[in-house]
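Q: Would you mind keeping the following structure in view while I ask a few things?
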Amino acid sequence: MKVLIDADACPVVDLALSISSEFEIETILFCDTSHRVERDNVITIIVPKGPDSVDFTLVNALSKHDIVITQDYGLAAMVLARGGYPIDQNGREMSNENIERLLDMRHVGQKIRRAGGRTRGPKKRTQENNISFELKFRQICERAILAHKTEES
3 MKVLIDADAC PVVDLALSIS SEFEIETILF CDTSHRVERD NVITIIVPKG
53 PDSVDFTLVN ALSKHDIVIT QDYGLAAMVL ARGGYPIDQN GREMSNENIE
103 RLLDMRHVGQ KIRRAGGRTR GPKKRTQENN ISFELKFRQI CERAILAHKT
153 EES
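Those letters in the sequence shown? Residues 3 to 155, per my numbering, in order.
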């Protein structure tokens with residue numbers, strides 16, 4: 003069981019590393035050559051820049067019960083299909099119950115932008131976002147560890 007972080011533009015890398023080390027969960031960072039994100043004592047996988055290159059590399063490294071931190075709903079859908087636990091940087095857990103709605107919202111936004119329209123960007127990050135992420139990430143770590151141990155026995 004591992005934590006895999008889509009580290010391109012991820013504001014909670016250090017917080018996630020701190021929490022995953024408390025739970026003694028191996029963590030791997032994934033980024034492309036234009037976003038090199040490296041930390042001491044953590045494996046970083048750097049892939050060539052390209053559309054979805056980080057996503058596909060991460061999914062290929064994914065095992066059942068792994069936790070994935072990403073803000074990409076397409077990647078989250080692939081993680082769910084492989085039995086993983088996707089969470090975004092604000093503590094929103096993507097699940098089979100909400101992924102379709104999230105993908106639909108992404109699609110609508112893309113249609114608006116392709117037609118020349120504008121959509122709102124993300125809100126400024128707050129301390130509340132970090133607190134929400136920390137609480138939900140800890141819950142998911144506990145749940146994933148329990149599921150992994152249960153399956154092993």
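Ideal Cβ positions, reconstructed from N, Cα and C, are used throughout, including at glycine.
Keep in mind it's a predicted model, so treat the numbers as computed, not measured.
Can you tell me whether residue 86 is buried or exposed, with buried defined as 16 or more other CB within 10 angstroms of its CB?
A: Residue 86 sits at position 84 when you count from the first residue of the sequence shown. When all chains shown are included, residue 86 counts as buried.
Q: What does the alpha-carbon distance come out to for the pair residue 81 and residue 93?
A: Along the sequence shown, read from residue 1 onward, the residue named residue 81 stands at position 79. Along the sequence shown, read from residue 1 onward, the residue named residue 93 stands at position 91. For residue 81 and residue 93, the gap between their C-alpha atoms comes out near 16 Å.
Q: From this set, 152, 58, 127, 143, which residue's C-alpha is nearest residue 84's C-alpha?
A: Start at 1 with the first residue of the sequence shown, and residue 84 comes out as number 82. Nearest option by C-alpha distance: 58.
Q: In the DSSP assignment, find the alpha helix (DSSP H) that holds residue 138 and state where it starts and stops.
A: If you number the sequence shown from 1, residue 138 lands on position 136. Taken as a continuous stretch (DSSP letters only), the alpha helix (DSSP H) holding residue 138 covers 129 to 154.
Q: Report buried or exposed for residue 51, applying the criterion of at least 16 other Cβ atoms within 10 angstroms of its Cβ.
A: Stepping through the sequence shown from its first residue, residue 51 is reached at position 49. So residue 51 counts as exposed.
Q: Is the stretch 19 to 34 close to the stretch 132 to 147, with three or more CB pairs under 8 Å?
A: yes
Q: Provide the residue(s) that pair with residue 125 in DSSP beta bridges, ordered along the chain.
A: Counting from one through the sequence shown, the residue named residue 125 turns up at place 123. Residue 125 pairs with nothing; no bridge assigned.
Q: So which of 65, 95, 63 has the shortest CA-CA distance to residue 74?
A: On the sequence shown, position 72 is the one that residue 74 refers to. When each option's Cα is compared against that of residue 74, the closest is 95.
Q: Alpha carbon to alpha carbon, how far is residue 70 from residue 12? Give it in angstroms, no decimals.
A: By one-based count along the sequence shown, residue 12 stands at place 10. By one-based count along the sequence shown, residue 70 stands at place 68. For residue 12 and residue 70, the distance between alpha carbons rounds to 12 Å.
Q: Use the C-beta contact count for residue 45: other C-beta atoms within 10 angstroms, 16 or more gives buried, fewer gives exposed.
A: In the sequence shown, residue 45 corresponds to position 43, counting from 1. When all chains shown are included, residue 45 counts as exposed.
Q: Span of the alpha helix (DSSP H) holding residue 14?
A: What you label residue 14 is simply residue 12 of the sequence shown in a count that begins at 1. No alpha helix (DSSP H) contains residue 14, which DSSP labels as neither H nor E.
Q: What does the alpha-carbon distance come out to for the pair residue 7 and residue 102?
A: Here residue 7 corresponds to residue number 5 of the sequence shown, with the count starting at 1. Here residue 102 corresponds to residue number 100 of the sequence shown, with the count starting at 1. Our two residues, residue 7 and residue 102, have alpha carbons roughly 22 Å apart in a direct line.
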